[in-house]
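For the record, the sequence lines run as chains A and B. The first sequence begins at 0 in numbering that gives the first Met the number 0 and counts up by one. The second sequence begins at 0 in numbering that gives the first Met the number 0 and counts up by one. Quick notes on the structure that follows.
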Amino acid sequence: MTVANINVSETPLVLYALRRADDALILGHRLSELCGHAPMMEEDMALSNVALDLIGQARELYTYAAKVEGKDNDEDKLAYLRDVRQYRNLLLVEQPNGDFAQTLVRQFFYSAFADLYWRAMMNSRDTTLAAIAAKSEKETAYHLRHVSEWIIRLGDGTEESHARAQAAIDHLWAFTGEMFAVDDGERALIHAGIAIDPETLRGRWMTTLSDIVSEATLVLPQSDWMQQGGRSGRHSEHLGHLLSELQSMQRTFPGQTW
Amino acid sequence: MYTQALNTAEADDRNVEDAARAAQFQARIDAEERIEPNDWMPAAYRKTLTRQISQHAHSEIVGMLPEGNWITRAPSLRRKAALLAKVQDECGHGLYLYAAAETLGTSREELVDAMLAGKAKYSSIFNYPTLTWADIGTIGWLVDGAAIMNQIPLCRCSYGPYARAMIRVCKEESFHQRQGYEIMLTLCRGSDEQKAMAQEALDRWWWPVLMMFGPPDAASQHSDVSTKWKIKRFSNDELRQKFVDATVPQAQYLGLAIPDPGMTQDADRHWRYSEIDWTEFKQVLAGNGPCNRDRIAARRKAHDDGAWVREAAAAYAAKRAHRQTAQAAE
């Protein structure tokens, strides 16, 4: 009988790669749920593109995590055979698509961070992470441009779109703080020049957000209360449902090759 | 992904056209010249093509739904990415084809509205459900395989924009077909459970796929005009036979049984299939297939839910244009 969940030896570097892989997979999965259901065909194309980029990033990061771990895990075992408590993604990316404004604001908050993050990670002393960063940065720069244009359109579009965009910003804001959190393991990687300190990105991230949001005639919330927990496996209720769908084949037919 | 074989041409209204120009037009067709958007063409030619290309575009868009049904459940990350990319390709084909149809003078909005209102057809095959992962393999292998049979001749269609669109579409479809076959091969080399899943999917899809080529030639009254205009180059039955002949050895290689015990191979090496149940085909076309209502409902929901987004984009574009004009005036 195949084991239900795999064990992962979460050394700091494995965990570091896994967290970013989970971010990319879960957000890519969320976007892939929309394929065929977007508000316009052009967005079906664009959102699928973003999803494909993210799933591609996840695959590289999982493969690297598995290699660093050095056991017999691989990208699929890491994606399909960990339960909700073993997932390490940001709470932000697991939030449901909601209306199109929520989908876009979620993407906007994430891409505005990821764009700076991957650019900075190109200087990582870890050559694999630096290489993944170089590819991801190009993709993410495009995601940010695309989604920023939409935030402006929605904010400065109609009364309804403005209200929906503002509601999405207010709703998702509390999930942004987690992007800047660092634990002891990550602190050590930062000192070793393998990881970058996300705190160094905060100022530029805020500038990107403020510029776009004000052009969109929207406002950022004043509240600084932030939800935490995704990085250590304490998720929202949404992730379990996402995983039950994502993993259904591997759970129903364990140990087979597809 | 696919255009349903067209057998419902409108009444021929060429009698109102200039006879001399019509003759000249036919001479160009006969000389294998391409007709381009700004060229004179008979109204019926325009109407026939608008209908055929838009039906084809609708099929691509509706066709995203049965396969999209498995994107979130694909069994590996590689399969997930490949399926998502494939469904995205179908969307691209849809957009490309709507653009080709628009060159004939009808807007995409009008064409899409007709589909959402249930007035325009799309390929009957997409009214069947995808129940297991093997359906994704089977659709790639057989549905895309059948689409290729139909579309390769369309690359030489007399209408330039459609023919050119088909060249690109066919390249991608042939990639999809190989991808589908590779899924089937993996299943057939896998566990007994996986092999049974593959066989069961083939059992369900085989006959609906044969119906994709449209009614038998004997019952098909309107192909003559399309043939004369070199929109259609092979009859429904010719294409169906070609498809069956190509597919039987592929099934044999997989170790799967075609669900047609009466099938025999002639001395001329053609595989002769049993009688197709055209009642089922007619039922599905009439809206009574297993998923007709779900498909249209899903497209309408996406359209309705997206209305405020499209309105916002239009409102913003108008504001921006207004600001630019105001700026220029200063």
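Glycine included, each C-beta is placed from N, C-alpha and C at the ideal position. All values reported here derive from a predicted model rather than from experimental measurement.
- With 16 or more other Cβ atoms inside 10 Å of its own Cβ, B:M196 counts as buried.
- Straight through space, the alpha carbons of A:G35 and B:D223 are spaced by roughly 36 Å.
- Contact between the region 248-257 of chain A and the region 186-205 of chain B is present: 3 or more CB-CB pairs across the two stretches fall below 8 Å.
- Neighbours of A:Q249 in chain B, taken as residues whose beta carbon is under 7 Å from its own, are P74 in chain order.
- Between A:A119 and A:L200 a beta carbon distance of about 7 Å is seen, short of the 8 Å cut, so the two are scored as contacting.
- Among the residues of chain A, none has a CB under 8 Å from the CB of B:Q282; the nearest is roughly 25 Å distant.
- By the criterion of at least three beta-carbon pairs nearer than 8 Å, the region 97-104 of chain A is in contact with the region 137-153 of chain A.
- Of the candidates B:D236, B:N291, B:A250, B:N291 places its Cα closest to the Cα of B:M114.
- Not a single CB atom of chain A sits nearer than 8 Å to the CB of B:Q54.
- Looking at the DSSP output, B:T263 sits in a beta bridge with B:R271.
- Taking 8 Å as the cut-off, the Cβ atoms of B:V61 and B:F125 count as close.
- From the beta-carbon of A:I54, the residues of chain B found nearer than 9 Å are L76, K79, A80, L83.
- Note that the region 178-187 of chain A does not touch the region 117-134 of chain A; fewer than 3 beta-carbon pairs, one per stretch, sit closer than 8 Å.
- In the DSSP assignment, A:D169 falls within the alpha helix (DSSP H) that extends over 158-171.
- Residue-level contact check: B:E310 touches chain A, since one or more beta carbons of chain A fall below 8 Å from its beta carbon.
- Taking the beta carbon of B:C290 as reference, no residue of chain A falls within 7 Å; the closest one sits roughly 13 Å away.
- Using a CB distance cut-off of 8 Å, B:E192 counts as an interface residue toward chain A.
- In the displayed model, B:Y97 falls within a helix according to three-state DSSP.
- Within the region 109-159 of chain B, the complete alpha helix (DSSP H) segments of 4 residues or longer fall at 132-137, 143-153, listed in chain order.
- Shown here, B:I70 sits in a helix according to DSSP, grouped into three states.
- Annotation: Cβ neighbours of A:S160 in chain B (cutoff 9 Å, chain order): W307, V308, E310, A311, A312, A314, Y315.
- Annotated as distal: A:R58 and A:G229, with beta-carbon spacing of 8 Å or more.
- For A:I54, the three-state secondary structure derived from DSSP is helix.
- By the CB criterion at 8 Å, B:R72 and A:E244 fall inside the cutoff.
- When rounded, the separation of the alpha-carbon atoms in B:A98 and B:P160 is 9 Å.
- Contact of A:Q165 with chain B by beta-carbon distance below 8 Å is absent, the smallest such distance being about 13 Å.
- When only Cα atoms are considered, B:S58 and B:Y315 end up about 31 Å apart.
- Counting along the chain, the unbroken alpha helix (DSSP H) around A:E93 starts and ends at 90-93.
- Excluding the 5 residues flanking it on each side, B:Q282 has same chain C-beta neighbours closer than 8 Å at G288, in chain order.
- Distance from the CA atom of A:Y141 to the CA atom of A:S235, rounded to whole angstroms, is 29 Å.
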